[in-house]
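> If you're matching positions, the sequence shown starts at 1 in UniProt numbering and goes up one per residue. Positions of the beta carbon are idealized from the N, C-alpha and C atoms, including for glycine.
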Amino acid sequence: MKPEIVVVVVLYQQLFSQSPTYGPLSKALSEKHIQLIIYDNSPQRQQNELFEKENTIYYHDPQNPGLAAAYNYALSQANERTRCIVTLDQDTTLVDDYFEILRQVAVSEECV
Numbered sequence: 001m002k003p004e005i006v007v008v009v010v011l012y013q014q015l016f017s018q019s020p021t022y023g024p025l026s027k028a029l030s031e032k033h034i035q036l037i038i039y040d041n042s043p044q045r046q047q048n049e050l051f052e053k054e055n056t057i058y059y060h061d062p063q064n065p066g067l068a069a070a071y072n073y074a075l076s077q078a079n080e081r082t083r084c085i086v087t088l089d090q091d092t093t094l095v096d097d098y099f100e101i102l103r104q105v106a107v108s109e110e111c112v
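#1: By DSSP, does Leu88 sit in helix, in strand, or in coil?
#2: Considering Gln104, what are the terminal residues of the alpha helix (DSSP H) in which it resides?
#3: Keeping to the same chain, check which residues put their C-beta closer than 6 angstroms to that of Gln35; ignore five residues upstream and five downstream.
#4: Give me, in chain order, the residues of the same chain whose beta-carbon lies closer than 7 angstroms to that of Gln13; leave out the 5 immediate sequence neighbours on both sides.
#5: May I ask which residues mark the beginning and end of the alpha helix (DSSP H) holding Gln35?
#6: Tell me which same chain residues have a C-beta within less than 8 angstroms of the C-beta of residue 114, skipping the five on either side of it?
#7: Going straight from the alpha carbon of Asn48 to that of Ser108, what length do you get?
#8: Looking only at its own chain, which residues have a Cβ that is under 8 angstroms from the Cβ of Arg83, when we skip the five neighbours before and after it?
#9: From this set, Tyr39, Leu15, Ser19 and Phe51, which residue's C-alpha is nearest Ser30's C-alpha?
#10: Gln44: which of Arg81, Ala70, Asn79 and Leu11 sits nearest, CA to CA?
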């Protein structure tokens with residue numbers, strides 16, 4: 001079953017492992033809290049162990065079509081369980097428990 005939170009990270013000429021989002025995303029993936037989409041606009045395809053994990057999609061588009069294409073791709077991967085979509089850039093900085101807090105809010109019936 002896919003998680004209720006879809007996260008898309010847009011990369012351009014930066015290794016995913018060097019992105020500030022790497023640690024929190026790795027933790028959230030291991031706890032199966034998120035569906036992760038890495039949309040890589042870099043000229044060269046990259047490899048990372050997280051790309052092979054369940055609930056991870058690595059999409060490489062060297063034509064660099066921009067953010068709208070990446071966000072539309074993420075929307076196309078959402079399903080009926082998706083409660084929220086999070087859009088991040090390669091330089092976004094998050095607190096370590098960001099996705100745990102987001103998961104609690106996503107499953108809550110309360111408005112935020």
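In brief:
#1: DSSP places Leu88 in strand when its eight states are reduced to three.
#2: Per DSSP, the unbroken alpha helix (DSSP H) holding Gln104 starts and ends at Tyr98 to Val107.
#3: Answer for Gln35: Lys2, Pro3, Val6 and Asn55, listed in chain order.
#4: Taken in chain order, the residues that qualify are Ser42.
#5: It is not in any alpha helix (DSSP H) - Gln35 instead sits in the beta strand (DSSP E) that spans Ile34 to Asp40.
#6: As displayed, the chain neither begins before 1 nor continues past 112, which places residue 114 out of reach and without an answer.
#7: Taking the straight line joining both Cα atoms gives about 33 angstroms.
#8: Sequence-distant partners of Arg83 (beyond 5 residues in either direction) whose C-beta falls short of 8 angstroms from its own C-beta, in its chain, are Glu4, Ile5, Ala106 and Val107.
#9: Scanning Tyr39, Leu15, Ser19 and Phe51 for the CA closest to the CA of Ser30 turns up Phe51.
#10: Taking only the C-alpha atoms, the option nearest Gln44 is Leu11.
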